[in-house]
Structures are given as structure tokens and as C-alpha cells.
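Protein chains in written order, with the numbering used here: chain A, 109 to 432; chain B, 109 to 432. Heads up, the beta-carbon is just placed ideally off N, CA and C, and yes, glycines get one too.
This is the structure we're talking about:
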């Protein structure tokens, strides 16, 4: 199979590229504008004959369409994932998520490709009224521009399935952790603790409950869905049966680093405007396919910290982006 | 109050402008690119001192923003409403609905305006699993690009409410009928019957069940919601407790016109790809505000036919658009 991966130099995209490239009968095209992706994630892939790496933007329609030629299946992982600062630059979610997804769909149509897997988010449930939240929970009210743009992407993909005979695999992720994770709270906490091991500033009251999934568990779940489902539109929550408080992950990180900083809370149950104080997904649908996660949230947090410890270059690379 | 109406030369927009202009303390700005709106709908308004008419496109951000200055409240009715042919030009829904709505929200933010009413659609429920369909029915899968773009609009508006302190009024309409209705099935059937009174070609099997609302009932419902609700995001279905089959409206139209054409069905339960065979909304939420519809579907259909009969210029004006 010929796979096309948008955001293929990113956290999940490059991990997926690694997984697919192991099968030498696969051909993989990594497409990335390297705005948040890293060349470093592609070091192994670069040398492989069945991998092509293309530097391109999803807003460059003709480059995208040309690059996609001869592909059979599209993994669309590229996105503005800067959830927290969406209100500072509302156009970013529209362009990099909504319009970019439209361009991916149109490029597929032009190239006669009809299978797409899409990374959506558990945030599309807004402040869920049903927890754990199943895929068919009550029609939610959106609270962030990021989730809104992901929902717009889901909706367009579903409509292309209905209207143009596509098959769609839509994954509503909890936060994913693990090797190559380069943003979000574990990353931020580690960074702050390296700067000042005695004090840690925490957004919200630390009691925000979140669910996390380890990246390799996430990839196995994606494969389980693609291999075992046959609907036109296949929508699956991806998470674990566990959740933790922000305070828990702080504790695990500090234990691992052997630190006991003073915790200073900004207060309130929301980390920031549009932050969901509790994302916990009902994952029985994906588990009914035989998949289950192998890694606990605690282990996923520690694996992430270990990776960051061993790859400090990421902090230098990410420096320019602080509060972008 | 100063009201800004996008799509103010259209069916519902111009009717809303008429209603608002009666109160001479209101100032109304009609903004329309006249791509599907009509100068003819504004004949009365043109002569009023409290009405300003601006020819402009929602994709022209600076014109839009300038035009909106000094408004207090935005009615965002402008849209590509060519639901049926969405698959022929998928970019149209993205640009004229999703991006246009984003531009409206940004223009509001620039001008310090924080109240918006938005015409969404009952089609956002896709093939609803719960009928009649309440606002919090199970998270739907989208089936048309039109509904997808309306859902994207809803989501962005809700996020602006959460993030920027806007107040949003989102209306999920059934099809609206009445004076100035210039597209859709009543319009098409009348046109076909004028061309050939002996034969009528019907998309689908005629058993598609639809609910309709008379435009003046619709306006009263919008006012009831705006005057009586206080949430950040107010989402309301607007419809009636009735539905009819396409065959019923054909019968009413033919009775009124005194015709008995032979009916030829294209077959299938869908009129076209993405057509919802049954849209019937649970409107108890809006009715709990004291509103109820005064006009039956049958009367709304007849009022529409009467209007078209008396305004044949619409067919000439619409000629260039056939199957656009």
C-alpha cells in the first residue's frame, strides 16, 4: 500500500511513518511544512528506500495534490495543535485545520484516493454532559476554536464519505503521550522544573482530570480500527479506562526527577479559557475490536519525561514558539 | 438598536429587515452581495431613513468590517443555500458558509459587537437516530457539505461565545416557506408545472418526510428566543409539530393550481445524495418560551405558491442559476 501522511514529521505522524515503513511492501510519503514537525524525527526514515519526505504546506494546493499522486491511503495528522493559545490567533485553526483538511480531501478526490484516517480530538465533546463520554453522546456545544476546527474536519470527511464514496476513519483522541511528545503539560512542567526546581506554577487548580494514551497504544488502536471496521464513516474514541488529575502527573514527574517543588496554582477549575476540566472518553467501541492499552497513564508520563530528558535539543528547537 | 443583517436581501434576511425597520428607533444595515438576494425585496426598505443597504461580499473582510461599524447586533443569514448541488462545487460551502462566518465573527470582534443570531439548519442532525430530533440528540454524523459548513459555523460562534464573551443565538431551521421563497421544492414544482402541467418529475419516491415553517412564524420564534433567553450560547430548533411527505405538498400545489399531472418518480428514499429522508425537529424548547406556529404546513405551501404566482419575475431572475 502507498500511504500519504500529512504532519508526517510530527509526534504521531512520524511514529506512524516508522510503524508503516517496517513493512517493506509499503511506500510512505511524509508531507510536512516543518512548522512544528522535526527533521530529527525522520533520521531513520530518511535512509529508507520506501520513504519519501516532502516539505510542503497543506495550503499549497497544487504541491499537495502532486505529492499525493499514486497514494492509496491518507493519514491526515497535520494540524495546528496549539490548543491553548487559539484565542490569540483565531485564523490559525481555520486555516491550518479546517481549510487544510478541505484541501486534503480535494487533493484525494483529484487523485482518486478514497481512504482517510483523521486525528480528531476528545475536545469535540466540549464540556461533556455524559462522562465517560461515548461517541454518540449528546450533541455538544463547542468551547474552543481548536475543537471547532476539528469538528469541521470530521464533518467534511463524513460528507465526502457520503457524497463521493470515501471511507473515513475518525479518531477522537485524548491527549497522546510518549516518545517525541513536544508540547502540552508534561513538556511544560519538565521545562519549568529545569528552570526552577523549587517552584512550579500550575494553571487552574491542578484538579483538572485528564485522560492520556501512550503513542504506541494509540497506533495499535488506529490499526485495529482500520483493519476491522467496514462502515463508510468510522468514528472511534481513543483513550484508556484511566484518568488522572494534573496533580497526579506533577507528582509522578517530580518523583521521577526526585524534586519537591512548591506548587503555585493560578486557581479555577479551568486551566485556560476553553480548557475542558474533565476529558474522559468511553472507549468501549474500540475495545470491542479486541484492542486494549498496554501502558498506564503513569508509565506514559514517565516514558515522556525520559524521552525529553534524553532529547534536550527539543527545548532549544521549541524556544522561539513559547506562547506563540 | 443598530442591527446588521448579512444576506439582508435574501428570503429570510429581507423579511427580518422589514420586521425590524418598523420600529423607527432601530437602525438597520442590510449587507448582501446580491448573488442570490434581490433588489426587489428591498423596494420598501430603500426609501426608509433607518435602513442602509450595502452591496458587499462576506469574503471582502475590510468592506465587511467597515460596514459593521456602530452595529450592536448581527443577524447572520447569508449563506450558500444551494444544498442539493453541494457536491458539484464543494468549495462553495467552505467559502460562503464556513469562512464567511469566520469573517463575520472577526468583523464583530474588531468592532466590539458581541451578539449574533445565526441561521443553521436541521440538516446538522444528519440521518437523525432520534425523531422528532431534540437539540441534544446523539452526536450526529454529517451527510452533506452544506450541513457540515453550518455545523462549522455553529461551532465557531459557540467558541467565540466561550472565548470572547459573545452571546450567540443559533437556530436550526427546518425548511422555511412563505413570501419571497425563491428556491427549493415548492418553487421547483411550480416551475415544472408551468412548463408542463401534465407531467411532474419527482426526485426520490415522494415519501421523503419534511417539516416546514412559515417565514413569519420563524421570525416570531427568533424574537422569542432573543428576548427570553440568557445563556451564553442559545441553540434552538425552529419548526412545527407537523410534517408532510413530498407527495402531500405536490397534492396541495396541484389542488390549488387545479392540475392533475402524471407523477414520475426517480425512485429511492433520498431525493439526492445527502438529502435527509426525514427531518422532523423536536421544538419543545422554543415552545417552552411561549412561542407556537400559527400557520400550518399546507397554508405555508399555498402562501408560497401564491407569492410565486404573483411574482413571476423571480423565474426570469433565477433562470441563469438552474442546476448551478
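Please report the residue range of the beta strand (DSSP E) in which residue i lies.
i             : result
residue 184/A : 181-184
residue 345/B : 341-346
residue 351/B : No beta strand (DSSP E) contains residue 351/B, which DSSP labels as neither H nor E.
residue 113/B : 110-114
residue 370/A : 370-373
residue 283/A : 283-285
residue 307/B : 307-310
residue 163/A : 159-163
The alpha helix (DSSP H) with residue i in it runs from where to where?
i             : result
residue 213/A : 208-219
residue 328/A : 323-336
residue 257/B : 253-272
residue 191/B : Segment: none, residue 191/B is in no alpha helix (DSSP H) and carries neither H nor E.
residue 392/B : 392-395
Grouping DSSP H, G and I as helix and E and B as strand, with all else coil, what is residue i?
i             : result
residue 177/B : coil
residue 406/A : helix
residue 198/A : helix
residue 231/A : helix
residue 278/A : strand
residue 319/A : coil
residue 140/A : strand
residue 225/B : strand
residue 119/A : helix
residue 424/B : helix
residue 446/A : An answer regarding residue 446/A cannot be provided, because it is not within the stretch 109 to 432 covered by chain A.
residue 127/B : helix
residue 300/A : helix
residue 239/B : coil
residue 106/B : In the structure displayed, chain B extends from 109 to 432; residue 106/B sits before or after that span and is not available.
residue 387/A : strand
residue 412/B : helix
residue 430/A : In this predicted model, residue 430/A has a pLDDT of only 41, less than 50, meaning its place in the structure is not dependable; the value taken from the coordinates is given anyway. Reduced to three states, the DSSP call for residue 430/A is coil.
residue 419/A : coil
Quick one: measure Cβ to Cβ for residue i and residue j, integer angstroms, because I've assumed they're closer than 8 Å.
i             : j             : result
residue 226/B : residue 197/B : With 8 Å as the limit, residue 226/B and residue 197/B do not qualify as a contact, their Cβ atoms being about 23 Å apart.
residue 109/B : residue 141/B : Incorrect: roughly 24 Å between the Cβ atoms, too far for contact.
residue 200/B : residue 188/B : 5 Å
residue 423/A : residue 300/A : Their Cβ separation, rounded to whole angstroms, is 11 Å, which puts residue 423/A and residue 300/A out of contact at 8 Å.
residue 333/B : residue 397/B : 7 Å
residue 251/B : residue 230/B : In fact, because the Cβ distance is near 12 Å, the residues do not count as touching under 8 Å.
residue 345/A : residue 390/A : 6 Å
residue 161/B : residue 182/B : 16 Å between Cβ atoms; not a contact.
residue 330/A : residue 274/A : The pair is not a contact, with the Cβ atoms about 17 Å apart (cut-off 8 Å).
Open item on the list: Whether or not the stretch 277-289 of chain A and the stretch 320-327 of chain A are in contact is what I'm after, with contact meaning three or more pairs of Cβ atoms, one per stretch, closer than 8 Å; do they touch?
Closed with: Counting Cβ pairs under 8 Å, three or more are found: they touch.
TODO: Anything in the stretch 333-349 of chain B with a Cβ closer than 8 Å to a Cβ of chain A? List those residues in chain order, please.
DONE: Within the stretch 333-349 of chain B, the qualifying residues are 341 and 343.
Task: Cβ pair count under 8 Å reaching 3, the stretch 143-156 of chain B against the stretch 175-185 of chain B - done: no
Open item on the list: Beta carbons nearer than 9 Å to chain B: which residues of the stretch 209-239 of chain A have them?
Closed with: 210, 213, 214, 217, 232, 233, 234 and 237
Open item on the list: Any C-beta of chain B within less than 8 Å: which residues of the stretch 239-254 of chain A qualify?
Closed with: 243, 244, 245, 246, 247, 248, 249, 250, 251, 252 and 253
- [ ] Determine contact between the stretch 404-422 of chain A and the stretch 294-303 of chain A, defined as no fewer than three beta-carbon pairs at a distance below 8 Å.
- [x] yes
Open item on the list: Between the stretch 361-379 of chain B and the stretch 303-317 of chain B, can you find at least three pairs of beta-carbon atoms closer than 8 Å?
Closed with: yes
Open item on the list: Between the stretch 338-358 of chain A and the stretch 205-219 of chain A, can you find at least three pairs of beta-carbon atoms closer than 8 Å?
Closed with: no
Open item on the list: Count Cβ pairs between the stretch 237-244 of chain B and the stretch 254-269 of chain B that sit closer than 8 Å; are there 3 or more?
Closed with: no
Task: Residues within the stretch 129-156 of chain A neighbouring chain B, beta-carbon criterion of under 8 Å - done: Going along the stretch 129-156 of chain A in chain order, one finds no residue with a Cβ nearer than 8 Å to chain B.
TODO: Count the C-beta pairs between the stretch 363-372 of chain A and the stretch 110-117 of chain B that are closer than 8 Å, then say yes if the count reaches three, no if not.
DONE: no
TODO: Check distances from the C-beta atoms of the stretch 296-317 of chain A to those of chain B and list, in chain order, the residues that come in under 8 Å.
DONE: none
- [ ] Pull out every residue of the stretch 193-207 of chain A whose Cβ sits closer than 8 Å to any Cβ of chain B, in chain order.
- [x] Cβ contacts with chain B: 194, 195, 198, 199, 202, 206 and 207.
Open item on the list: Closer than 8 Å between beta carbons: that is the criterion. Which residues of the stretch 270-299 of chain A meet it against chain B?
Closed with: 270, 271 and 272
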